[in-house]
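In the numbering used here, the protein residues as written are 4 to 321.
Reading through the structure tokens given below for one structure.
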């Protein structure tokens with residue numbers, strides 16, 4: 004093939020186009036009221052987490068009873084959309100989850116009845132599959148010059164729940180009675196720095212992979228353990244080799260490794276799969292599950308998840 008200046012120019016344009024396309028990727032966002040905001044307004048309910056009572060925000064009640072939250076989320080959402088961030092409609096996602104009445108609250112072993120539970124927020128994050136969860140808290144202040152709004156805006160990685168961005172402040176007093184407008188104006192002065200923090204976190208994920216947690220356990224009924232040898236290698240060693248091949252740049256941290264449990268943290272997985280779908284801990288762990296279900300292992304392995312960012316594989320039965 005003869006290389007001409009025209010060919011070089013064309014290839015250069017393709018390269019630049021692809022580069023710009025990659026740079027243009029934005030994280031998807033989901034905006035919710037903060038736990039503290041819900042607590043102050045009594046929008047909380049108890050969630051049974053394997054026998055332990057845990058209080059969690061009742062988002063369904065929030066959207067049904069609070070007259071401001073929909074407008075507030077719309078105002079903040081418009082600021083983020085103007086900066087190119089795709090936004091998930093939380094209220095619609097909640098309705099979709101409500102409609103799925105057959106969805107189980109518990110995932111259990113058919114043999115022993117053991118299992119784990121998901122909180123309502125875990126279900127929401129899994130359904131919406133947003134990259135970043137933004138929580139908003141605000142209160143109205145009364146001054147001689149009029150009303151002002153103080154706010155705290157925090158962003159969390161939906162997979163790890165780590166705080167990745169924050170912004171707070173108090174808006175200029177105004178005579179307007181429209182709280183969502185006061186809040187939007189208060190946030191506007193800080194929104195660009197906040198958006199840059201979000202984008203910086205997402206760019207790091209594009210380059211270094213999304214962070215999840217993976218745990219391998221065994222049922223008591225399983226006759227093997229993670230020190231069992233197959234073809235001259237312990238299962239722990241085989242698992243580590245698989246992780247080296249399937250994580251981004253082989254990046255993961257093994258925090259625990261015994262005969263009964265292997266615990267991996269800071270596991271970096273591709274942010275998208277081959278079909279450009281967002282990858283989560285379940286999709287990643289599914290690959291390891293299939294690996295051990297095939298020869299020469301032929302193991303039964305149960306896959307369970309907590310939210311988007313934690314997967315658990317239990318060897319021995321389903």
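Yeah, the Cβ is synthetic: ideal placement off N, Cα and C, and Gly gets one too.
- Option in 142, 262, 94 and 240 with minimal Cα separation from residue 176: Mapped onto the chain shown, residue 176 falls at position 173. Nearest C-alpha to residue 176 among 142, 262, 94 and 240: 142.
- Message: Which runs of the alpha helix (DSSP H) at least 4 residues long sit entirely within the region 140 to 197? Give them in chain order.
- Response: Runs of the alpha helix (DSSP H) inside the region 140 to 197: 182 to 191.
- Query: On the three-state DSSP scale, how would you describe residue 78?
  - Reply: Taking the chain shown and counting its residues from 1, one reaches residue 78 at position 75. Three-state DSSP puts residue 78 in a helix.
- Can you tell me whether residue 213 is buried or exposed, with buried defined as 16 or more other CB within 10 angstroms of its CB? On the chain shown, position 210 is the one that residue 213 refers to. When all chains shown are included, residue 213 counts as buried.
- Query: On the three-state DSSP scale, how would you describe residue 208?
  - Reply: As a first step, residue 208 must be located in the chain shown, where it is residue number 205. Three-state DSSP puts residue 208 in a helix.
- Item | 6 Å CB neighbourhood of residue 188 in its chain, flanking five on each side removed | Stepping through the chain shown from its first residue, residue 188 is reached at position 185. Within the same chain, residue 188 has close Cβ partners 174.
- Query: In the region 220 to 261, which residue ranges form an unbroken alpha helix (DSSP H) of at least 4 residues, counting only runs that do not cross its ends?
  - Reply: Whole alpha helix (DSSP H) segments, 4+ residues: 238 to 249.
- Boundaries of the alpha helix (DSSP H) in which residue 70 is found, first to last residue: Residue mapping note: residue 70 aligns to position 67 of the chain shown, counting from 1. Where residue 70 is concerned, there is no enclosing alpha helix (DSSP H), given that its DSSP letter is neither H nor E.
- Message: Using only the alpha-carbon positions, how far apart do residue 195 and residue 315 sit?
- Response: The sequence position of residue 195 within the chain shown is 192, counting from 1. The sequence position of residue 315 within the chain shown is 312, counting from 1. One Cα belongs to residue 195, the other to residue 315, and the distance between them is close to 38 Å.
- Message: Using only the alpha-carbon positions, how far apart do residue 118 and residue 305 sit?
- Response: Against the chain shown, residue 118 aligns to sequence position 115. Against the chain shown, residue 305 aligns to sequence position 302. Because residue 118 carries a pLDDT of 46, less than 50, the predicted location of this residue cannot be relied on, and no value is offered for it.
- Item | Range covered by the alpha helix (DSSP H) that runs through residue 285 | Taking the first residue of the chain shown as position 1, residue 285 is located at position 282. Looking at the DSSP string, the run of the alpha helix (DSSP H) that includes residue 285 is 284 to 296.
- Query: Is the region 203 to 218 touching the region 159 to 166, taking contact as three or more C-beta pairs under 8 Å?
  - Reply: In short, these stretches touch, since the Cβ pair count reaches three.
- Query: Got a sec, what are the start and stop residues for the alpha helix (DSSP H) residue 42 sits in?
  - Reply: Locating residue 42 in the chain shown gives position 39, where the first residue counts as 1. Residues 38 to 43.
- Just the C-alpha distance for residue 229 and residue 295, rounded to the nearest angstrom, thanks. Position 226 of the chain shown, counting from 1, holds the residue named residue 229. Position 292 of the chain shown, counting from 1, holds the residue named residue 295. Cα to Cα, residue 229 sits roughly 12 Å from residue 295.
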